[in-house]
Amino acid sequence: MQPLLQRNDVWRAHQLAPAPYPTRPTGWAALDAALPGGGWPLGALVECSHPADALAWRLWLPALRSASAHAQVVLLGLPLHPNAAAWAAHGVNTPHLWCVCTDDDAQTLWCAQQLLACPTVALLWLHLRQPTWAATQRLQHAAQQARCHTDGGGDWPAPLVLLTVTDAHAPPHSAAVLRLHAQPSGPNGLRLWVRKRRGAPLHHPLDLDAPWPWCEWIPPARRHHAPAPTVDRLLAQPARACPA
Numbered sequence: 188m189q190p191l192l193q194r195n196d197v198w199r200a201h202q203l204a205p206a207p208y209p210t211r212p213t214g215w216a217a218l219d220a221a222l223p224g225g226g227w228p229l230g231a232l233v234e235c236s237h238p239a240d241a242l243a244w245r246l247w248l249p250a251l252r253s254a255s256a257h258a259q260v261v262l263l264g265l266p267l268h269p270n271a272a273a274w275a276a277h278g279v280n281t282p283h284l285w286c287v288c289t290d291d292d293a294q295t296l297w298c299a300q301q302l303l304a305c306p307t308v309a310l311l312w313l314h315l316r317q318p319t320w321a322a323t324q325r326l327q328h329a330a331q332q333a334r335c336h337t338d339g340g341g342d343w344p345a346p347l348v349l350l351t352v353t354d355a356h357a358p359p360h361s362a363a364v365l366r367l368h369a370q371p372s373g374p375n376g377l378r379l380w381v382r383k384r385r386g387a388p389l390h391h392p393l394d395l396d397a398p399w400p401w402c403e404w405i406p407p408a409r410r411h412h413a414p415a416p417t418v419d420r421l422l423a424q425p426a427r428a429c430p431a
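In this note's numbering, the protein residues as written are 188 to 431.
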C-alpha cells in the first residue's frame, strides 16, 4: 500500500491529493489551505463560475499583481475590461497587461491556444459564453503543454490559466483540475465554493475578507447597510469596441 501512496495520482479519500504541478499562493490563506500544493495550480486549467452580472476581480487581484511583476498577463474575451488606472493603484504592472477582444467562443479558444504557446505569458484569464467539455479539454491540454516552454521566471514556471463562466452556462462536467464558484458576500467579502479539487470534497464555502475599494470611503456606521454591488466600478468597465 505504501508504494501506491507515493504516486501523485493516488491519495487517501479524506486527504488532499499531492499536486502533480507547480503551484503559486493565491493570496488568500483560507483558500491556500484548501488547495493541493497550497495555491493556484500552474500549467493547469482553473474554472470559476459567477453570477451573470459579476466578475470575481478581487479573487484574482493577488495573482494579477504577482504575475504582471514577472511576465505578461492576458485578458481574453472578458465581458468587462479593466480600469487600468485602478488596477495600477492596486499594484498590477499595467505595461504587462494585454486585453484581447473576440467575437465568439471559437475565436477565444483559438487565441488561448496560441497565447499559451507564448513563453512570456504568466497568466491567461479567458471567458467563455457557452463552454463545453471539449472546450475545457482543449484548454487543459494547452495549459499542460505550456509547462514545457514558459519563461515567466522562477516564481512562474508555468502559466496560470483562469476560465470564467456564468452560472447559467457552467458545464456539468469539466476537464479543469480546479472548479470554483464565487459570489459577492456583502460589501466586505467574497464567498467561494470549491466544487472540484484533487482530494476530499470540501462541503462548506470559504468566506474571504475582501472589501470593495470604495468601502474605505464609507463611514463605519454605514458599511453594514451599504448595498453590495455586483460589479466593482473602480476595477472594471464595460467592454466596448475599439476603433480600427
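Glycine included, every Cβ here is placed at the ideal spot set by N, Cα and C.
Give the range of the beta strand (DSSP E) segment to which residue i is assigned.
i, result
"Ser236", "232-237"
"Gln332", "Premise fails: Gln332 lies in the alpha helix (DSSP H), 320-333, not in any beta strand (DSSP E)."
"Arg378", "376-383"
"Gln259", "259-263"
"Gln370", "365-371"
"Asp432", "Residue 432 lies beyond the stretch modelled for the chain, which goes from 188 to 431, so this question has no answer here."
Hey, residue i and residue j: beta-carbon distance below 7 Å or not?
i, j, result
"Val348", "Leu302", "no"
"Ser236", "His368", "yes"
"Asp394", "Gly376", "yes"
"Leu238", "Gln370", "Checking the sequence shown, residue 238 turns out to be Pro, not Leu. Yes."
"Ala221", "His257", "no"
"Ala345", "Pro207", "no"
"Arg378", "Pro388", "no"
Classify residue i as buried or exposed, calling it buried when 16 or more other Cβ atoms lie within 10 Å of its own Cβ.
i, result
"Pro282", "exposed"
"Pro407", "Note that Pro407 scores 46 on pLDDT, short of 50, meaning its location in the model is unreliable; the coordinates nonetheless yield the value given after this. That one is exposed."
"Ala217", "exposed"
"Arg316", "exposed"
"Arg409", "Reliability fails at Arg409, whose pLDDT of 47 lies under 50, so the model's placement of it is uncertain and the value that follows must be treated cautiously. Classification of Arg409: exposed, given that the 10 Å Cβ count is below 16."
"Trp297", "exposed"
"Ala254", "buried"
"Ala276", "exposed"
Can you give me the start and stop residues for the alpha helix (DSSP H) that residue i sits inside?
i, result
"His268", "Looking at the DSSP string, His268 is not in any alpha helix (DSSP H); the run it does join, the beta strand (DSSP E), is 267-269."
"Ala241", "Unbroken run through Ala241: none, as it is neither H nor E."
"Trp297", "292-303"
"Ala221", "216-221"
Which residues in the same chain as residue i place their Cβ atom closer than 6 Å to its Cβ, once the five residues preceding and following it in sequence are excluded?
i, result
"Pro249", "Gly214"
"Glu234", "Leu350, Ser361, Ala363, Arg366"
"Arg432", "There is simply no residue 432 to check, as the chain begins at 188 and stops at 431 in what is shown."
Sorted by chain position, which residues of the same chain lie with C-beta nearer than 8 Å to residue i's C-beta, five sequence neighbours on each side aside?
i, result
"Trp247", "Trp312, Leu349"
"Pro398", "Pro374, Asn375, Gly376"
"Asp342", "Arg211, Ser253, His257"
Suppose the cutoff is 7 Å on Cβ atoms and the five residues either side in sequence are ignored; what does the same chain contact list for residue i look like?
i, result
"Asp219", "Pro212, Thr213, Gly225, Gly226"
"Ala299", "Leu263, Leu311, Leu313, Leu326, Ala329"
The segment 316-333 in contact with the segment 355-365 per 3-pair CB rule at 8 Å:
With contact defined as three or more Cβ pairs closer than 8 Å, the segment 316-333 and the segment 355-365 are in contact.
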